[in-house]
Amino acid sequence: MRLSDDTYRSITEAIEEFSYYQINALQQFRSDGGRTIALFCATFSRSICAGFSLWPIRLVCGATEESASESERLIRPDGCDYCKTIIGNFLQKKGLHGFVDCILGLITCDQMRRTIERLSTELALPLFPVQVPATTTKGSEAFFLGNVRSISRAISTFFQTTFDAHAVRAYEEATIHCCEIIRTLILHKTLPAPLIHALLHLTTWTRPDKLLCFLQTLVSGLPLRQNRYRLSVIVTGSVLCREDDLLLNILEENNVCAIPFQCTGFPMIDGMVYDSSVTDTELIDYLSRREFQRSICARKRPNTDLYTRLQGMIVSCHASGVILKTLSFCDLWYTEKERMRQTVAVPLLVLNSGYGSGGQNRIQTRIETFLEMLV
Amino acid sequence: MDTVERISSRQWQERMGSIPQSYLDQCRFLRSIVPGGISYLRSPFEFACHGDRLLNSLKFDGGLASLRLWSFLFTEKERLFLAKERGWTIFAAMKDLGQVPIITYSLPNSLTFYADEVWWAPCFSQEPHLLEKAAQLGATDELCYVRAALGAYKSNDYFPPPDLSFAGVGSCCDDFSAVMQLIEWQGYAIHWWEIPTRLDQSNTTATMVFKRTFAAQSPYQESAVRFLVQQYRGIVEKIETQFGCTLTETMLHRSIASFNKLRSQIRQLRDSVYSAKRPPLPGLEMLLAEFIAIHACSDPWEAPAVLDDLLTMVRKRSKNNESPFASDEEPLRIFWVTPPTDAAIVTVVEDRGGCICGSDYMISHAFLPIDESKPALEAIAENYMDDVMIGSSRFRAARIVAEARRYHAEGVLITGIFGASHCPYEEQVITKAVREQLQIPVLSFDVPYTPGQVSEQVITRIEGFLELLRSLRSGRNHSYDHMRC
Numbered sequence: 316m317r318l319s320d321d322t323y324r325s326i327t328e329a330i331e332e333f334s335y336y337q338i339n340a341l342q343q344f345r346s347d348g349g350r351t352i353a354l355f356c357a358t359f360s361r362s363i364c365a366g367f368s369l370w371p372i373r374l375v376c377g378a379t380e381e382s383a384s385e386s387e388r389l390i391r392p393d394g395c396d397y398c399k400t401i402i403g404n405f406l407q408k409k410g411l412h413g414f415v416d417c418i419l420g421l422i423t424c425d426q427m428r429r430t431i432e433r434l435s436t437e438l439a440l441p442l443f444p445v446q447v448p449a450t451t452t453k454g455s456e457a458f459f460l461g462n463v464r465s466i467s468r469a470i471s472t473f474f475q476t477t478f479d480a481h482a483v484r485a486y487e488e489a490t491i492h493c494c495e496i497i498r499t500l501i502l503h504k505t506l507p508a509p510l511i512h513a514l515l516h517l518t519t520w521t522r523p524d525k526l527l528c529f530l531q532t533l534v535s536g537l538p539l540r541q542n543r544y545r546l547s548v549i550v551t552g553s554v555l556c557r558e559d560d561l562l563l564n565i566l567e568e569n570n571v572c573a574i575p576f577q578c579t580g581f582p583m584i585d586g587m588v589y590d591s592s593v594t595d596t597e598l599i600d601y602l603s604r605r606e607f608q609r610s611i612c613a614r615k616r617p618n619t620d621l622y623t624r625l626q627g628m629i630v631s632c633h634a635s636g637v638i639l640k641t642l643s644f645c646d647l648w649y650t651e652k653e654r655m656r657q658t659v660a661v662p663l664l665v666l667n668s669g670y671g672s673g674g675q676n677r678i679q680t681r682i683e684t685f686l687e688m689l690v
Numbered sequence: 312m313d314t315v316e317r318i319s320s321r322q323w324q325e326r327m328g329s330i331p332q333s334y335l336d337q338c339r340f341l342r343s344i345v346p347g348g349i350s351y352l353r354s355p356f357e358f359a360c361h362g363d364r365l366l367n368s369l370k371f372d373g374g375l376a377s378l379r380l381w382s383f384l385f386t387e388k389e390r391l392f393l394a395k396e397r398g399w400t401i402f403a404a405m406k407d408l409g410q411v412p413i414i415t416y417s418l419p420n421s422l423t424f425y426a427d428e429v430w431w432a433p434c435f436s437q438e439p440h441l442l443e444k445a446a447q448l449g450a451t452d453e454l455c456y457v458r459a460a461l462g463a464y465k466s467n468d469y470f471p472p473p474d475l476s477f478a479g480v481g482s483c484c485d486d487f488s489a490v491m492q493l494i495e496w497q498g499y500a501i502h503w504w505e506i507p508t509r510l511d512q513s514n515t516t517a518t519m520v521f522k523r524t525f526a527a528q529s530p531y532q533e534s535a536v537r538f539l540v541q542q543y544r545g546i547v548e549k550i551e552t553q554f555g556c557t558l559t560e561t562m563l564h565r566s567i568a569s570f571n572k573l574r575s576q577i578r579q580l581r582d583s584v585y586s587a588k589r590p591p592l593p594g595l596e597m598l599l600a601e602f603i604a605i606h607a608c609s610d611p612w613e614a615p616a617v618l619d620d621l622l623t624m625v626r627k628r629s630k631n632n633e634s635p636f637a638s639d640e641e642p643l644r645i646f647w648v649t650p651p652t653d654a655a656i657v658t659v660v661e662d663r664g665g666c667i668c669g670s671d672y673m674i675s676h677a678f679l680p681i682d683e684s685k686p687a688l689e690a691i692a693e694n695y696m697d698d699v700m701i702g703s704s705r706f707r708a709a710r711i712v713a714e715a716r717r718y719h720a721e722g723v724l725i726t727g728i729f730g731a732s733h734c735p736y737e738e739q740v741i742t743k744a745v746r747e748q749l750q751i752p753v754l755s756f757d758v759p760y761t762p763g764q765v766s767e768q769v770i771t772r773i774e775g776f777l778e779l780l781r782s783l784r785s786g787r788n789h790s791y792d793h794m795r796c
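Protein chains in written order, with the working numbering: chain F, 316 to 690; chain E, 312 to 796.
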C-alpha cells in the first residue's frame, strides 16, 4: 500500500511550510547580528560551526540550468554542474546562497578546489580553506584533524568568538536524533523518495532542534510500513541537489523505492555515533575524525570502502538494481561506471547528465527500460 | 651533417649514414646494465615503424645533439623492458611530475618512469588503441588524454608491469585520480600518497605559519610541508619494506644532487634558448628536454650527457648567432602554456613564423634547485611547494606573467585539454592576468584528437593569431580584444 495522494501532498506542504519558517528564522538570525557559514561537502561537522555561533548551511541546492549558465562568465562550460551552480548562485545571490556570510572552503576534488578559489576572488566573503585528504591513512586523518583545528582557530580569531562546546553538543544531539528518524524512514521505506530527499535536504541547512520537532510531529502520524513498492533501487553517484529530483520522481511514479546512497543521501545520516563522554577539548577532533571516517566519496583513495558499503546496502535493502547518477564532468564518479558494473551483484544503469531541462523523456525511457529488465 | 636548420624526418633519415661512429658510440643507454650500453641514436623511420608515426610529420632541429635527444626519449620503453628483463626494479610514478623519482632512484638497480607521460602516445602513434582499452574499463572520452595510461598498463605496449606504482592524489586533477583508481582496480600495486594544497595567504589564514620556498620564494603553509615529509617517509618505508633495503639520508642526498645537476642543465638551456631573439633550439626539442627533468627519462646516467651535449650545441650556436629559424625575420615570440597533446602543433606554429620563447608545461617546479643543506625529504617536499598545479590558478597565472615578461613574449598560447578538470577554471584567470599585466594577446583552444593531421580549425586559429602578433609588431595596432583568439 502506497502513501495516498492527499498524505503525500500534505507532507509536501508541511515541508515547504517548515522551510519557509526556517528561512524567516535565518533572516532574523542575521538581522540580530548572527552569521551564516556555507560549506559544500559533508566531511566537516556542522556542529563545530555551531560552536562558533555560526549557522552552518551546506549548499546542496540551486541546481538550475540558469545558475549553471551564469557561472560561464567565469569558467568554461565543460565543468561540473554542481560547481558551476555554486558559482552562478553566488554571483546572483540566489536562494540560500544569498544568505551566506562566510564560506568554509572544503578542498575536496580538483573542480571544487578551483571553485573555491574562484569564489575567494569574486566574492567579498571571508573564505576559510580546509583540505580534506583523498587518502584514508591515519596520517591523512591526523592532517585533516590538524587542518580543522587550525581553521577553527582562524574562525575564532576572525570573528572574535569563543568556542562553545555546550552549543556543539546541543546541535550534535539534535542532529543525531533527526538523522535517526530519517534513517528509519528510509530503511522502513515509509516515505516516497522525493519526500525523503526533501527531508534530507532540510538536515543540511535548518536548525536541528527545530527540525527535530518537525520530524517528530511528522512521523507521529505515519505508520511504519514496509514493502509497499514493487522493487527497490539504490541511487548512488554525484551529489544530489534539492532540485535534482527528476530521477526520484520517475522511480516513484513507477512504484519503485529509491534509496539515496550518495553524500546527500543515506550515508550522510548513517553512522552518526556520538559519545557524550568526550571532553570539551577533544570535541573538535572527535567529530572531525568521525566525519572523515564516515565519508563514502568516490574520490577517496582507495575507495574500496564505498563498494563495501554499497554492497551492504544492496543486501540490506533487497535492492534489485543500482542507478549510478553522475553529473557531467564529475570524473570521479563517472569513471567508476565500468568498475561498478562489474562489482555490484545487481544490474546497473548509468545516468550521466547536467542540470539542463532537456532530455527528460529520454531519461524516463531509459529508466523505465531498466526497470522492466529488473522486473 | 650537424646542421643549424629545421629538418624533416626524411632528412634525419638521410643523414643517419653520415653520423660518425665516434658520435654513435657516445649515444648508448643503460651502461650499468649492459656492458658498453645499447646504441640508441636511430632513424626516425625506425621509431615510426615501432608506432610513433607522428614523427613523419614533424620538423626537427638538425643538430646531432637534438637527434640524440629525440632518440633518447623514444627509446625509453626499451630501457624499461630491458631493465625489467635483467631483474631491475621498475617503479611507476604518477602525478607529481618531478619528486617521487628523486626518492626512488636512491634504490640501486631500479628505474622510474612516469605513467602520465603516455598521455601523448595516442597522438604520436596516430591511433587510439590505448584510449580504446581505457574506455573499455570506464575511462572514456570525458577524461583528458592521460587516460591512455590505463590502456598502457593493460597493454604493456609502453612499459612493463611496474613492481610498484606511486600515486599522488589530493591536490591533483580529477581525471588522473580517477584513472589511477582504475589502475589499482586492475590489480596493479599502488602506494597512495597525498599531495597537500598550497594555500594563498589571506586574512582567513592568518593563524597559519607561512614560509617561502628555497628556490622560487613561493609562500606555503608550514603544515603542508610537514605533512608532505610524512607522505614521503611513507614512500621510503614502502620501498624499504617491499624491497628489503634501507634508503639512507646519504643515498637520498646523492639522488638529490644528481637531479639538481639535471635541473641546472635544464635551467641553463631554458635561459639560453628562451632569452635569444632567434632561439638556437626549436620548441619541440625544448619540450622534450624539459620533460627529462621529471624522471631522467628512465636513465639518470645517460640523461646528463644528453643534456650536456645539447647545452654545448646551444652555447656554440648562441656564440655564432646561429639559429634554426630563418634569419630574414625574427620569429614571433610565443609563450606556451600547458603542453600540447599533439606535438605537431608546435611545428605548425614554427612553420608559420612563430617560436617558443618560454613555457609552462605544468612541470616548472622540476627545474628548480633543491636545497641540499636540508634533510632530504624536507628539501624535496619544500621544492614541491613550487608546483604551479597544487595551488591557486592565480599563482600559476602570476608565474606565467613573470616568465612571459622575462622572455619578452609577444603572445601567449594556451593549449587546453577537453575534459581536464583544471582547464575550465584556470583558462580565464591566466588569460585575464596576461592581458591586463602584459597587454599581449592570448590564444586558447583545446587540442582535439585528430590522428594523422592537425585540425584545420586549429591551424586557422594559429594563423590568425600569428597574423595578429605580426601586425602588432609592425605597429599596425589592431585591437585584439574583439578577438577571443
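A virtual CB, placed ideally from N, CA and C, is assigned to each residue, including glycine.
For residue 462 of chain F, the closest Cβ of chain E is nearer than 9 Å. When the alpha-carbon of residue 409 of chain E is set against those of E/717, E/470, E/419, E/477, the nearest one is in E/477. Contact annotation, residue 483 of chain F with residue 363 of chain F: C-beta distance approximately 6 Å; criterion of less than 8 Å satisfied. In this structure, DSSP gives residue 640 of chain F an extended state, which the three-state scheme calls strand.
Ranked by Cα distance from residue 709 of chain E, the first of E/385, E/529, E/430, E/482 is E/529. For residue 405 of chain E, the secondary structure class from DSSP, reduced to helix, strand or coil, is strand. Of all residues in the stretch 504 to 517 of chain E, only 504, 505, 506, 507, 508, 510, 511, 513, 514, 515, 516, 517 come within less than 9 Å of chain F when Cβ atoms are compared, listed by chain position. Shown here for residue 566 of chain E: same chain residues with a beta carbon closer than 6 Å to its own, the five before and five after excluded, namely 413, 416, 417 in chain order. Within the stretch 334 to 414 of chain F, the complete beta strand (DSSP E) segments of 3 residues or longer fall at 350 to 354, 369 to 373, listed in chain order. Three or more beta-carbon pairs drawn from the stretch 346 to 357 of chain E and the stretch 383 to 393 of chain E are found closer than 8 Å, and the two stretches are therefore classed as touching. When the five nearest sequence neighbours on each side are left out, the beta carbons in the same chain lying within less than 6 Å of the beta carbon of residue 510 of chain E are those of 516, 532, in order along the chain. Here DSSP, grouped into helix, strand and coil, assigns residue 523 of chain F to helix.
If you keep only unbroken beta strand (DSSP E) runs of at least 3 residues inside the stretch 493 to 562 of chain F, you get 546 to 552.
The criterion of a C-beta distance shorter than 9 Å is satisfied by residue 556 of chain F and residue 376 of chain F.
For residue 572 of chain F, the three-state secondary structure derived from DSSP is strand. If you draw a straight line from the Cα of residue 670 of chain F to the Cα of residue 552 of chain F, it is about 15 Å long. Spanning the alpha carbons of residue 491 of chain F and residue 595 of chain F requires a straight line of approximately 18 Å. In the DSSP annotation of this structure, residue 702 of chain E is not part of any beta strand (DSSP E), being labelled neither H nor E. Under the three-pair Cβ rule at 8 Å, the stretch 642 to 657 of chain E counts as touching the stretch 724 to 736 of chain E.
Every unbroken stretch of the beta strand (DSSP E) spanning 3 or more residues and falling wholly within the stretch 644 to 717 of chain E is given here in chain order: 665 to 671. With fewer than three CB-CB distances shorter than 8 Å, the stretch 560 to 575 of chain F does not count as touching the stretch 589 to 604 of chain F. Per the C-alpha coordinates, the member of F/677, F/647, F/601 positioned closest to residue 460 of chain F is F/601. Within the same chain, 679, 697 come within 7 Å of residue 527 of chain E by CB-CB distance, once the 5 residues on both sides are set aside. Counting C-beta atoms within 10 angstroms of its own C-beta, residue 464 of chain E has 16 or more neighbours from the protein chains shown and is therefore classed as buried. With a threshold of 9 Å between beta carbons, residue 729 of chain E makes contact with chain F.
Comparing alpha carbon positions, the residue from F/457, F/573, F/605 closest to residue 507 of chain F is F/573.
Contacts between residue 652 of chain F and chain E, judged by CB atoms closer than 9 Å, involve 449, 451 in chain order. With a cutoff of 9 Å on beta-carbon distance, residue 753 of chain E and residue 771 of chain E are scored as not near each other. When C-alpha distances from residue 496 of chain F are compared across F/519, F/464, F/533, F/353, the shortest belongs to F/533. Residues of chain F whose Cβ lies closer than 7 Å to the Cβ of residue 495 of chain E are, in chain order, 617.
If you draw a 10 Å sphere on the C-beta of residue 462 of chain F, you find 16 or more other C-beta atoms in it, and that means buried. Around the beta-carbon of residue 406 of chain E, 16 or more other beta-carbon atoms lie within 10 Å, marking it buried. With 16 or more other Cβ atoms inside 10 Å of its own Cβ, residue 425 of chain F counts as buried. Linking residue 322 of chain E to residue 674 of chain F through their CA atoms gives a straight-line distance of about 55 Å. Annotation for residue 505 of chain E: the continuous beta strand (DSSP E) segment containing it runs 501 to 506. In the three-state scheme derived from DSSP, where H, G and I count as helix and E and B as strand, residue 336 of chain E is classed as helix.
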